[in-house]
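Visitor: First to last, the protein sequences are chains D and B.
Anchor point for the first sequence: position 95 equals 106 in my numbering, and the numbering is continuous, going up by one each time.
Anchor point for the second sequence: position 209 equals 523 in my numbering, and the numbering is continuous, going up by one each time.
Cβ atoms here follow ideal geometry from the backbone N, Cα and C, with glycine treated the same way.
Questions regarding the structure given below will be posed in turn.
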Amino acid sequence: MPFSSLLFVHLFLPAFLAIYWLAPRPAKNGVAIAASLVFYAWGAPKFLPVVLGLGIVDFYLSHAIAARRSRLLLGIGVTIHLSVLAYFKYSNFFVEQLDQLIAVFGLGPVSWTKVVLPIGISFITFEEISYLCDVYRGDAKPARRLSHYVLFLTLFPHSIAGPIFRWKDLEGQLAERVHDWSLVRSGFERFAMGLAKKVLVADSVGIITDGIFALAPAQLTPQLAWLGAIAYAIQIYFDFSGYSDMAIGLGRMIGFRFKENFNRPYVSASLTEFWTRWHISLSSWLRDYLYIPLGGNRRGPRRALVNLFIVFLLSGLWHGSAWTFVLWGAFHGAFVTLERLLGERRERIPRPIQHVVTLALVVIAWVLFRATSAGQAFDMIAAMFGVTPGGAHEALPPDAVLFPHFAVTALVVGIVICLVPIVAKYRDLTRIRIPAFAHAAARVGFLLLFVTSAMHLTNMRITPLIYFKF
Amino acid sequence: MTRLLDRLLVAVYVAVAALPAFAMLADWRGRELHGSLEPAKLPAITFGDVLTEKVQHGIVAWFEGNLGLKGSSIALDNAILYHVFGETRPGAGVRLGKDRFLFGNEDIDYYNKTGRWIVDPAYVEKLAEQIANVQRRLRAQGRALVPVIVPAKTSIWRDKVPDAWVMDLPSPRPADETTRMVKEALAKRGVVFVDARELFVTSTVPRIDLYGPDARHWSAYGACLAMSAIVDAHAQLTATPRLSHDCVFQRQRVPRSNDDFDLWRLLNAQWVYPTVKQVPGVKHPPPPPARSRPRMLVTSTSFGWQLMRDAYDSGVFAAVWMNYYNQVFVDAAEGPNAVRIPVEPSKPGWRDRVMTNDLIVLDLFESYLGYPEAYVQLFLDDVTRALDAPR
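Quick look at the structure:
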């Protein structure tokens with residue numbers, strides 16, 4: 012049940028909020044757990060017992076880890092979670108690769124029933140691992156109540172597409188949180204903004220992206236290829252950050268204050284900076300639970316570069332079990348490593364050029380992320396640089412199919428929203444006085460966004476959120 | 315004050331979110347939606363179906379299909395798309411052309427037919443041969459098979475198709491080439507047929523009276539002119555005097571449920587009105603007395619409805635039936651709520667409904683021309699088998 016679905020917006024959300032707000036304070040967590048279990052079971056009923064079972068294992072394991080400071084128990088816990096992730100997310104991919112390999116020797120495919128990927132498994136696994144690690148390191152105390160830990164894992168605003176929570180950030184709020192109307196109102200406004208980002212911008216721009224990525228390689232011109240890639244960069248940002256906005260907003264409606272997951276990533280002047288602004292909960296997780304344990308910067312500059320590259324490679328694989336995601340991770344890893352190698356010499360490059368180069372690299376990398384195969388990605392990237400693969404020329408679909416006016420408008424609006432904040436990096440805009448009426452206008456604006464998004468949602472075919480795949 | 319305002323705003327947000335569900339309970343449908351599917355029913359809930367997510371999908375379909383005020387919500391969103399962006403929703407069955415002319419998706423697709431979809435010339439020859447054969451054999455029995463090239467809207471109102479909808483294709487466009495091939499193959503075999511496209515293009519009657527801006531199909535007057543040409547062809551094929559069929563033009567005010575507004579209705583948009591207020595209609599002079607009147611069958615797409623009504627209203631036929639896509643028979647005498655009888659060539663009733671007609675009209679609608687699996691081929695095969703069968 013995506014947040015941007017009619018069932019969620021018009022039934023689940025108001026019904027849940029009514030029950031939650033009417034419930035006495037001690038019962039609020041119980042209501043939130045029940046709603047979260049219904050929400051999760053709606054999309055992955057068969058996987059719910061696995062999530063709950065792993066939650067119970069974690070709960071008792073974390074207490075044992077805290078009591079004994081046992082590295083072995085931590086290892087067992089992490090191995091269990093990685094095994095579950097590997098089975099559900101990567102076994103199909105592994106079998107496919109094996110089939111291709113043994114086909115070389117003339118052998119038939121392995122008998123295998125495809126495993127269905129449960130929604131949100133990648134996010135939940137990372138949260139469970141970070142919990143056990145934090146308890147082991149002494150950075151967090153083990154959950155005092157099983158119900159708190161179950162709520163932490165399944166809390167519906169984040170359970171299927173993040174942000175990736177840390178137990179230590181949420182522990183206090185699970186036990187005690189303030190419910191005030193100002194927070195609830197801001198939650199609705201944040202939700203409205205996220206819904207609008209998803210429904211009005213991301214889904215509209217997605218029409219352009221889908222149209223261009225569906226073209227045959229021989230139909231691609233450099234302009235079309237760049238446009239398709241830029242459109243996807245806008246689509247994925249508005250889709251995913253919109254989802255995070257909705258999650259943060261939903262959290263506020265029930266008294267939670269979640270950390271931000273995006274911070275205007277396209278204003279970055281380097282890929283290193285980009286990764287401090289994009290999917291912050293993932294990049295910080297990878298830093299704390301992968302990069303640092305691998306040795307981080309502590310084992311010399313060369314090893315640090317290798318560690319960095321490994322982190323990005325695995326980050327790619329985390330996003331999806333396909334070679335395109337591995338290539339995407341490797342691409343980012345290679346350039347982030349290169350930036351570190353260049354060090355301060357990079358600062359001699361004029362800032363505007365740094366921005367343009369960074370954006371170009373991010374956009375090219377998104378082609379790897381969006382393409383259905385490595386072959387399609389290479390064709391697209393080749394077309395971006397004027398190399399059009401041969402083949403029979405076929406007429407392009409009508410402009411109105413590739414570029415509906417409202418989709419083009421959404422793309423332009425998306426580009427402006429993404430790039431205008433670059434100004435704020437170099438000019439102090441905090442001294443600009445915002446007139447009082449602007450705040451009132453903003454209140455009305457958010458409400459209008461909510462109504463317009465709901466209407467548009469009703470009219471349009473509902474597209475699943477891109478990040479549901481992960 | 316701020317606290318009160320916060321509470322008020324929260325209440326408004328919750329009300330907006332919950333309104334469609336409340337409206338659903340209260341059965342407030344909102345504006346009527348045209349061209350939409352019947353809303354799904356609530357599925358039976360079983361544990362097994364929950365595990366396979368069948369129940370979840372069923373509930374989503376039921377909820378979305380029955381959502382309160384859905385029609386109004388869609389109409390408002392479509393109004394924004396129409397008035398602000400000058401277009402219709404992607405996936406809608408209707409497209410907005412120049413000067414507010416509306417086109418059906420299929421007509422635009424047909425106009426943009428590319429090399430990949432071009433009809434096989436060998437098949438066109440085979441089809442023409444079969445039509446010629448059936449026409450010759452029926453003629454020998456004193457009956458007439460009259461094929462009619464029915465024009466797509468994009469053939470008549472080409473200048474109203476927005477540039478953004480026109481694919482860059484070689485001239486002549488493959489779609490035109492298909493029609494040309496069919497006409498040439500029929501003419502080569504001496505088939506008597508009606509080319510309604512040519513009739514409309516060369517007519518001195520204003521195009522808007524033949525094919526309305528808000529309509530998917532030809533107007534009643536356009537259909538009448540085509541019917542007149544069919545009557546000419548009938549006289550030629552049966553060597554009998556021409557039936558008394560004339561079209562007296564009259565402009566008339568009709569309700570918006572009229573066929574001339576079918577594309578407009580599909581817009582489902584608020585504050586969008588039909589381009590024309592009055593539509594072209596037809597008045598038939600009373601037919602002269604006759605000792606016997608012919609029976610007629612139209613095998614057709616939805617263009618046949620106007621033909622059928624026109625033939626019936628003219629009063630020159632003893633019976634007028636329609637064979638809709640070779641799937642159902644409809645008796646014109648029964649009016650709009652006529653019983654639909656399935657087309658079953660293996661049953662005895664089929665021969666009575668088809669092979670006893672004096673005039674069989676075969677609609678060769680341009681957009682569907684030349685596909686072996688289409689109704690035209692199926693009907694010709696059925697008739698050929700009936701002609702071959704011993705009496």
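At the level of alpha carbons, what is the spacing between residue 149 of chain D and residue 77 of chain D?
Guide: Those two C-alpha atoms are separated by around 8 Å.
Visitor: Helix, strand or coil: which one does DSSP assign to residue 417 of chain B?
Guide: DSSP places residue 417 of chain B in strand when its eight states are reduced to three.
Visitor: Name the DSSP beta bridge partners of residue 690 of chain B, please?
Guide: Note: residue 690 of chain B sits in no beta bridge, so no partner.
Visitor: The beta strand (DSSP E) that contains residue 636 of chain B, what's its start and end?
Guide: Unbroken beta strand (DSSP E) run through residue 636 of chain B: 633-638.
Visitor: Considering only DSSP beta bridges, list what residue 458 of chain B is partnered with.
Guide: DSSP lists B:673 as partners of residue 458 of chain B.
Visitor: CB-CB under 7 Å to residue 280 of chain D, same chain, minus the five flanking residues each way: which ones, in chain order?
Guide: Correct list, in chain order: 362, 365, 366, 369.
Visitor: On the three-pair Cβ rule with 8 Å, is the segment 569-580 of chain B touching the segment 396-410 of chain B?
Guide: Short answer: they touch.
Visitor: Just the Cα atoms here: how many angstroms apart are residue 644 of chain B and residue 650 of chain B?
Guide: Each residue's alpha carbon lies about 9 Å from the other.
Visitor: Would you say residue 466 of chain D lies against chain B (beta-carbon separation less than 8 Å)?
Guide: Residue 466 of chain D counts as touching chain B.
Visitor: Are there 16 or more other CB atoms within 10 angstroms of the CB of residue 476 of chain D, so buried, or fewer, so exposed?
Guide: In this prediction, residue 476 of chain D scores a pLDDT of 42, lower than 50, which makes its location untrustworthy; no coordinate-derived value is stated.
Visitor: Does residue 564 of chain D come within less than 8 Å of chain B when only Cβ atoms are used?
Guide: What is shown of chain D runs 12 to 481, which leaves residue 564 of chain D out entirely.
Visitor: Could you tell me whether the Cβ atoms of residue 413 of chain D and residue 223 of chain D are closer together than 8 Å?
Guide: Contact: yes.
Visitor: Does the beta-carbon of residue 604 of chain B have 16 or more other beta-carbons within 10 angstroms, so that it is buried, or is it exposed?
Guide: It is exposed - the Cβ of residue 604 of chain B has fewer than 16 other Cβ atoms within 10 Å.
Visitor: Buried or exposed: residue 477 of chain B, going by 16 or more other Cβ atoms within 10 Å of its Cβ?
Guide: Looking at its Cβ environment, which holds fewer than 16 other Cβ atoms inside 10 Å, residue 477 of chain B is exposed.
Visitor: Alpha carbon to alpha carbon, how far is residue 39 of chain D from residue 246 of chain D?
Guide: Roughly 36 Å between the two C-alpha positions.
Visitor: Beta strand (DSSP E) containing residue 409 of chain B: first to last residue?
Guide: Per DSSP, residue 409 of chain B belongs to the beta strand (DSSP E) from 408-410.
Visitor: Express the C-alpha separation of residue 527 of chain B and residue 173 of chain D in angstroms, rounding to a whole number.
Guide: Taking the straight line joining both Cα atoms gives about 50 Å.
Visitor: Can you check whether the CB of residue 511 of chain B is closer than 8 Å to the CB of residue 465 of chain B?
Guide: Yes. Within cutoff.
Visitor: What is the DSSP secondary structure of residue 71 of chain D, counted as helix, strand or coil?
Guide: Note: residue 71 of chain D maps to helix in three-state DSSP.
Visitor: Would you mind giving the Cβ-Cβ distance between residue 50 of chain D and residue 167 of chain D, rounded to the nearest angstrom? I have them listed as a contact below 8 Å.
Guide: About 4 Å separates the two Cβ atoms, so the contact holds.
Visitor: Please state if the CB of residue 568 of chain B and the CB of residue 574 of chain B are separated by a distance shorter than 8 Å.
Guide: Taking 8 Å as the Cβ cut-off, residue 574 of chain B and residue 568 of chain B qualify as a contacting pair.
Visitor: State the CB to CB distance for the pair residue 103 of chain D and residue 121 of chain D, rounded to an integer number of angstroms; the pair is presumed to be in contact (CB under 8 Å).
Guide: Contact doesn't hold; Cβ gap of about 11 Å is too wide.
Visitor: I think residue 668 of chain B touches residue 697 of chain B, with their Cβ atoms under 8 Å apart; what is that distance to the nearest whole Å?
Guide: Their Cβ separation, rounded to whole angstroms, is 7 Å, which keeps residue 668 of chain B and residue 697 of chain B in contact under 8 Å.
Visitor: Interface residues of chain D around residue 738 of chain B at Cβ under 9 Å?
Guide: What is shown of chain B runs 315 to 705, which leaves residue 738 of chain B out entirely.
Visitor: Specify, as a first and last residue, the run of the beta strand (DSSP E) that residue 412 of chain D falls within.
Guide: Premise fails: residue 412 of chain D lies in the alpha helix (DSSP H), 410-413, not in any beta strand (DSSP E).
Visitor: Who are the Cβ neighbours of residue 171 of chain D in its own chain at under 7 Å, not counting the five residues just before and after it?
Guide: Correct list, in chain order: 54, 130, 131, 479.
Visitor: Could you spell out where the alpha helix (DSSP H) holding residue 721 of chain B opens and where it closes?
Guide: A question about residue 721 of chain B goes unanswered here, because the residues of chain B that appear run from 315 up to 705.
Visitor: When you check each C-beta in the segment 197-227 of chain D against every C-beta of chain B, which residues fall closer than 7 Å?
Guide: Per Cβ criterion, the list reads 199, 218.
Visitor: Just to confirm the assignment, what range does the alpha helix (DSSP H) spanning residue 338 of chain B have?
Guide: Note, residue 338 of chain B: alpha helix (DSSP H), 316-339.
Visitor: Here's a check: name, in chain order, each residue in its chain whose Cβ is nearer than 6 Å to the Cβ of residue 221 of chain D, leaving out the five neighbours to either side.
Guide: Nothing meets the Cβ criterion.
Visitor: Name the two residues that bound the continuous beta strand (DSSP E) containing residue 612 of chain B.
Guide: Looking at the DSSP string, the run of the beta strand (DSSP E) that includes residue 612 of chain B is 609-614.
Visitor: Can you name the residues that DSSP bridges to residue 445 of chain B?
Guide: In DSSP, residue 445 of chain B forms no bridge with anything.
Visitor: Can you tell me whether DSSP reads residue 79 of chain D as helix, strand or coil?
Guide: Residue state, collapsed to three classes: helix.
Visitor: Would you say residue 476 of chain D lies against chain B (beta-carbon separation less than 8 Å)?
Guide: Confidence in residue 476 of chain D is poor, its pLDDT being 42 and thus under 50, which makes the residue's placement unreliable; the coordinate value appears in the next sentence. No, because no Cβ of chain B sits closer than 8 Å to the Cβ of residue 476 of chain D.
Visitor: Which residues mark the beginning and the end of the alpha helix (DSSP H) in which residue 256 of chain D is found?
Guide: Residue 256 of chain D -> alpha helix (DSSP H) spans 233-264.
Visitor: To be precise: take each residue of the segment 343-354 of chain B, compare its Cβ to all Cβ atoms of chain D, and keep it if any distance is under 9 Å. Which residues remain?
Guide: Answer set for the segment 343-354 of chain B: empty.
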